[in-house]
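The numbering of the sequence shown is the numbering used here, which starts it at 4 and goes up by one.
Using N, Cα and C, we set each Cβ at its ideal position, and we do this for glycine too.
The model shown is predicted, which means the values in this text are computed figures rather than measured ones.
See below for the structure under consideration.
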Amino acid sequence: MFDFSQFQQLAKKTLDNINTEVASIRTGGASPQLLDSVKVEAYGTTMKVTEVAAITVSDPTLLVVSPWDASLLGAIEKGIQQANLNLNPVVDGKIIRISIPPLTQETRLELVKTLKQRLEDGKVLIRALRGETKKDIEKQNGSAGVSEDDIDTDLEKLENEVKKIIAQVDQLGATKEAQLLKV
């Protein structure tokens, strides 16, 4: 029997990545996850904003970013602006305030398009992983103790695993789309 542990590890990482990507798409209210994709130039390297600041929701339409090092205020502001999140950070003393405007119907539909693209990108990665794993399974052909039936069984198991993962991605997408379109 084929060892699926590497496939499962990589599939889990891919699913986690898809979850992070989907969580970063804003739905309407303020959420710290909106800034998950923001990168900041700090201490000579690129870091996530969550590694250099605390992000809190002070009310449903306002995020507050409190850097642990005040010298990073400008870098955080620049990172938020460059992340293409359509957010306008405002430096207020030692914090950054980000007002989250309500979503228009047009913006909601645009975000649904973005969501579908990110989900499809994730599915492509899953399919590529399936292709690599399928090759590894087929390489066993002719090996001692591996029959054609074993290979067929492993390939069937792989297909079932991929179907489950794709179903999870689709469910995640349906849930997020419902959130996006809810007014």
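Per-residue burial, residue i [other beta carbons within 10 Å of its own, 16 or more giving buried]
i           : result
residue 179 : buried
residue 130 : exposed
residue 6   : exposed
residue 136 : buried
residue 105 : exposed
residue 181 : exposed
residue 47  : exposed
residue 157 : buried
residue 247 : Absent from the model: residue 247. The displayed extent of the chain is 4 to 186, so no value can be given.
residue 147 : exposed
residue 125 : buried
residue 188 : Any question about residue 188 goes unanswered here, given that the chain covers just 4 to 186.
residue 41  : buried
Given residue i as reference, the closest of the options once Cα atoms are compared
i           : options          : result
residue 90  : 96, 23, 125, 102 : 102
residue 121 : 23, 4, 93, 16    : 23
residue 123 : 83, 92, 28, 176  : 176
residue 62  : 25, 41, 34, 95   : 34
residue 138 : 161, 97, 42, 15  : 161
residue 119 : 65, 36, 172      : 172
Bridge-paired residues (DSSP) for residue i
i          : result
residue 42 : 51
The ligand MN heavy atom lying under 8 Å from the CB of residue i
i           : result
residue 108 : As for the ligand MN, it is missing from this structure, which has no ligand bound.
Taking only runs that begin and end inside the segment 44-117, name each unbroken alpha helix (DSSP H) of 4 or more residues, in chain order. Counting only runs of 4+ residues, the alpha helix (DSSP H) found wholly inside the segment 44-117 occupies 76-85, in chain order.
Validate contact between the segment 41-55 and the segment 69-76 using beta carbons, cut 8 Å, 3 pairs: Yes: the two stretches touch, three or more of their Cβ pairs being nearer than 8 Å.
Taking contact to mean 3 or more Cβ pairs, one atom from each stretch, closer than 8 Å, check whether the segment 73-83 and the segment 106-119 are in contact. Contact fails: fewer than three Cβ-Cβ distances are below 8 Å.
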